[in-house]
Amino acid sequence: MEYLSRTADPILHLLLDAFGAVLIEGPKWCGKTTTAEQMAKSVIKLQDPDMQEDYLVTAQSKPSLLLNGETPRLIDEWQDIPVLWDSVRTMVDKRSKPGQFILTGSNTVPQDKIKHSGTGRIATLRMLPMSLWESKESSGQVSISELFNNADYDFDGATSKLSIEDLIFAACRGGWPASLNGNTPAAQLLVARNYINSVCAKDISRIDGKNRDEKLSRQILKSYARNISTLAKKTSILEDITASKDINCSIPTLDDYITALERLFVIQDIEAWCPAIRSKTTIRSAPKRGFCDPSIAVAALGLTPDALKMQLKTFGFIFEQMCIRDLRAYTIDLDSQISYYRDRYGLEADVVLHLPDGRYALIECKLGSMEIEKGAEHLLKIKELIREKNKAEKQMPIREPDLLIILTGGTMAYTRNDGVKVIPLAALKP
1 MEYLSRTADP ILHLLLDAFG AVLIEGPKWC GKTTTAEQMA KSVIKLQDPD MQEDYLVTAQ
61 SKPSLLLNGE TPRLIDEWQD IPVLWDSVRT MVDKRSKPGQ FILTGSNTVP QDKIKHSGTG
121 RIATLRMLPM SLWESKESSG QVSISELFNN ADYDFDGATS KLSIEDLIFA ACRGGWPASL
181 NGNTPAAQLL VARNYINSVC AKDISRIDGK NRDEKLSRQI LKSYARNIST LAKKTSILED
241 ITASKDINCS IPTLDDYITA LERLFVIQDI EAWCPAIRSK TTIRSAPKRG FCDPSIAVAA
301 LGLTPDALKM QLKTFGFIFE QMCIRDLRAY TIDLDSQISY YRDRYGLEAD VVLHLPDGRY
361 ALIECKLGSM EIEKGAEHLL KIKELIREKN KAEKQMPIRE PDLLIILTGG TMAYTRNDGV
421 KVIPLAALKP
């Protein structure tokens, strides 16, 4: 089976050259193990049912024995035996060489389960399901890196090969590597549904040994999906969950389930960007609801590609999640951060893409061409507000945005006369 290159590949290689061990974390089924296996020289899979009991017994007596093997040694799903974290850290110190271990994990481990943070010894690499570029569906004619780094970059006329119908199917299927192996479209769509089944029936309880209700888990994901890309409050989500009167849930219980889903990397909310360009009381600061992949929202709502073709407004929210997933993948080497801006006057930027050196892009996600003008107005207004603020208060000026971008479901990229860059999502690459 052909290995499809991931944007994480060169980062993993670089981290192995610099650190004794690298932890690859992210949602299950996103390709962490397969990516790690491309560089590993030996492998131990802790969830192998034939060996699991032996591994546990060995870990109780002498965990360092599980580290023996050619390096880099891959320890898959290390969180099943948390003591291995400290063993890896100790062995890294003992050997004093980079590239000794690769650890993969599908959920975060509480700090009380490990003694040392691993700082300076174990680097972390966060993976997501595949972007359109990684699944070979984006034409890759526009580079996000070039947009930031090359002021003379000419991308006008670049095109996407995906229609709206194609984008809808890609969002429903998701970026799960296994979904690309299906022989039929129907088979490809099953992976996201089975992902939700596994999370709700097993993983949400297995993560910490705390029994959680499968039905409630599904209802929480369904409510989150109904509120995807919005600033819905937890109280609103709770009301939605309990509206049928069939399920009882409290805010503390909801918090517990959401925390578990975050630790599984399923729920990935977007934090607000709150620059001091207007009174803080006018800027929305609640998290924007989101998932690691748009297919989770589709599967949780029981939608199909045919249904979404008739519900393009709903797909607009799902499209935004696909944009966020892909932007994260394309800037993985830049250590980027994602946020959003929205105020009570209706001014917004769906995405604020921050680079660690202070540069940032204001981005609107607009499925169709009819929305581009409004999106551009928003971005230009935010830029003007920053300029006005800097003129009025010259101390501690706010950096102006380096890029104004509208990501679309359209077919052609171009730069507007006002400088706003209109780019099809399916033309983008790192």
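Numbering-wise, the sequence shown is residues 1 to 430 according to the UniProt record's numbering.
All C-beta atoms in this analysis are idealised placements derived from N, C-alpha and C, irrespective of residue type, glycine included.
All of these numbers come straight from a predicted model, not from anything done at the bench.
Item	Value
Close-in-space but distant-in-sequence residues of the same chain around residue 266 (CB under 8 Å, 5 per side omitted)	27, 199, 221, 291, 292 and 296
Opposing strand residues paired with residue 412 [DSSP bridges]	159
CB of residue 308 within 7 Å of CB of residue 168, strictly	yes
CA-to-CA distance, residue 13 to residue 229, given in whole angstroms	34 Å
CA-to-CA distance, residue 317 to residue 225, given in whole angstroms	10 Å
Any 3 or more C-beta pairs closer than 8 Å across the stretch 315–331 and the stretch 250–263	no
Residue 182 (DSSP reduced to helix, strand or coil)	coil
Contained alpha helix (DSSP H) runs [length at least 4] in the UniProt domain "AAA" (21–134), N- to C-terminal order	32–37, 52–61 and 83–95
Residue 244 - containing beta strand (DSSP E), residue span	First-last for residue 244: undefined, no H or E at that position.
8 Å Cβ shell around residue 381 - same chain, five flanking residues per side excluded	347
Inter-residue Cα distance where the pair is residue 338 and residue 136	24 Å
Pairwise C-alpha distance: residue 9 and residue 127	10 Å
N-terminal and C-terminal residue of the beta strand (DSSP E) that residue 365 is part of	360–366
Beta-bridge partners of residue 424, as assigned by DSSP	408
Anticipated Cβ contact below 8 Å, residue 92 with residue 103, distance rounded	That pair is no contact at about 11 Å.
Closest by C-alpha distance to residue 18, when choosing among 98, 245 and 376	98
Stretch-stretch touch, CB-based, cutoff 8 Å, three pairs: the stretch 365–376 with the stretch 405–419	yes
Range covered by the alpha helix (DSSP H) that runs through residue 219	214–226
First and last residue of the uninterrupted alpha helix (DSSP H) at residue 268	Per DSSP, residue 268 belongs to no alpha helix (DSSP H) and is neither H nor E.
Coarse secondary structure for residue 399, derived from DSSP in three states	coil
Burial state of residue 342 (16 or more Cβ within 10 Å)	buried
Among 422, 192 and 59, nearest to residue 176 - alpha-carbon criterion	192
Residue 130 burial status per 10 Å Cβ neighbour count (16 or more: buried)	buried
One or two residues paired with residue 343 in a DSSP bridge	283
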